[in-house]
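Numbering (the working numbering), first residue to last: 1 to 207.
Glycine residues also receive a C-beta, built at the ideal position from the N, C-alpha and C atoms.
Note that the coordinates shown come from a computational prediction; the quantities given were computed from them, not determined experimentally.
Before any comments, here is the structure.
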Amino acid sequence: MKSLSRSQKAVYDFIVKYSKEMSYPPTVREICTALDLKSTSTVHSHILSLERKGLLKRCPSKQRSISIIEQNGSELIRNCTNVPLVGNIAAGKPILAEENIQDFITLPNTMLKGTGSELFMLNVEGDSMIDAGIFDGDMIIVQKDASIEYGDIVVARIGGESATVKRFYPEKDKIRLQPENPSMQPIYADFNDVEIDGKVIGLLRKF
1 MKSLSRSQKA
11 VYDFIVKYSK
21 EMSYPPTVRE
31 ICTALDLKST
41 STVHSHILSL
51 ERKGLLKRCP
61 SKQRSISIIE
71 QNGSELIRNC
81 TNVPLVGNIA
91 AGKPILAEEN
101 IQDFITLPNT
111 MLKGTGSELF
121 MLNVEGDSMI
131 DAGIFDGDMI
141 IVQKDASIEY
151 GDIVVARIGG
161 ESATVKRFYP
171 EKDKIRLQPE
181 NPSMQPIYAD
191 FNDVEIDGKV
201 IGLLRKF
């Protein structure tokens with residue numbers, strides 16, 4: 001291995017260990033937490049140094065893709081993509097507006113095969129979709145540019161307010177946003193009042 005500072009080696013070793021265990025690299029914030037580093041800019045600087053030394057590779061043709069290079073030159077993690085994790089959504093703003101993005105979660109592209117290029121993730125709050133296997137605390141993966149069909153699970157906003165995850169049922173003169181929880185009632189709204197931010201295509205769950 002090329003000469004590394006103690007801090008660079010700690011970052012590199014953690015990324016490799018985490019990547020082997022999880023099949024995708026950690027986020028910058030996870031590196032900060034694991035190594036007790038206060039500044040994300042410090043981690044970014046170490047990652048850039050590792051890239052310059054040939055230990056890490058980012059693919060310029062794919063937005064925020066990253067590979068980790070082993071000593072024999074083979075790629076440890078291949079074709080991964082950082083997907084924006086959306087936090088609180090500012091009213092009236094596009095869902096991927098900079099102020100909405102909380103973090104980036106790195107996922108292997110095998111999880112995203114066949115999807116469009118515009119993806120984001122959202123933390124689920126509440127139990128309105130439990131019968132669809134979506135629980136409080138899950139992180140859903142959403143394809144923003146997907147074609148939406150009757151009965152799909154979508155991320156929707158009514159009147160530009162907070163996002164909700166529901167099944168999408170367009171009816172004669174209204175849209176019905178149907179929860180997957182028998183104790184909850186559907187939401188009805190005019191077509192012009194509903195903005196569909198994307199289709200749910202998967203989820204991550206921490207145990």
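Suppose the cutoff is 7 angstroms on Cβ atoms and the five residues either side in sequence are ignored; what does the same chain contact list for residue i look like?
i, result
"Q8", "H46, S49 and L50"
"D103", "T27, R29 and L85"
"G159", "D193"
"Y216", "Residue numbering for the chain in the displayed model covers 1 to 207; residue 216 lies beyond these limits and cannot be assessed."
"K174", "Y188, A189 and D190"
"A91", "Low confidence applies here, because A91 scores a pLDDT of 46, under 50, leaving its location unreliable; read the following figure in that light. Correct list, in chain order: G160 and E161."
"L112", "T81 and L119"
"H44", "V28"
"E125", "D136"
Excluding sequence positions up to five away, which residues of its chain have a Cβ less than 6 angstroms from the Cβ of residue i?
i, result
"M209", "Past the edges of the chain, shown from 1 to 207, lies residue 209, and the structure says nothing about it."
"P186", "R176 and Q178"
"R157", "A163 and E195"
"S74", "The predicted position of S74 is uncertain, since its pLDDT is 47 and thus under 50; no value can be drawn from it."
"M184", "S128"
DSSP three-state call for residue i: helix, strand or coil?
i, result
"K199", "strand"
"T106", "strand"
"M22", "helix"
"M129", "coil"
"L37", "coil"
"N82", "strand"
"I187", "strand"
"A91", "With a pLDDT of 46 at A91, under the threshold of 50, the modelled position of this residue cannot be trusted; read the value that follows with caution. Correct three-state label for A91: coil."
"I148", "coil"
"I31", "helix"
"L4", "coil"
For residue i, does the count of other Cβ atoms within 10 angstroms reach 16, so buried, or fall short, so exposed?
i, result
"F135", "exposed"
"Q143", "buried"
"P179", "buried"
"M129", "buried"
"R6", "exposed"
"L107", "buried"
"K172", "exposed"
"K166", "buried"
According to DSSP, residue i sits in a beta bridge with which residue or residues?
i, result
"I141", "M121 and G202"
"Y12", "Partner(s): none; Y12 has no beta bridge."
"P170", "I175"
"R157", "A163 and E195"
"I47", "DSSP, once it has assigned bridges, lists no residue as partnering I47."
"I101", "V86"
Using C-beta distances below 8 angstroms, list every residue in its chain close to residue i, excluding the 5 sequence neighbours before and after it, in chain order.
i, result
"R205", "F135, G137, D138 and M139"
"N181", "D127, S128, M129, I130 and D131"
Under the criterion of a Cβ to heavy atom distance below 7 angstroms, does residue i qualify as lining the ligand FMN?
i, result
"N123", "Ligands in the displayed structure: none, and consequently the ligand FMN is not present."
Three-pair Cβ contact test at 8 angstroms for the segment 199-207 versus the segment 148-157: With the cut-off at 8 angstroms, the segment 199-207 and the segment 148-157 touch.
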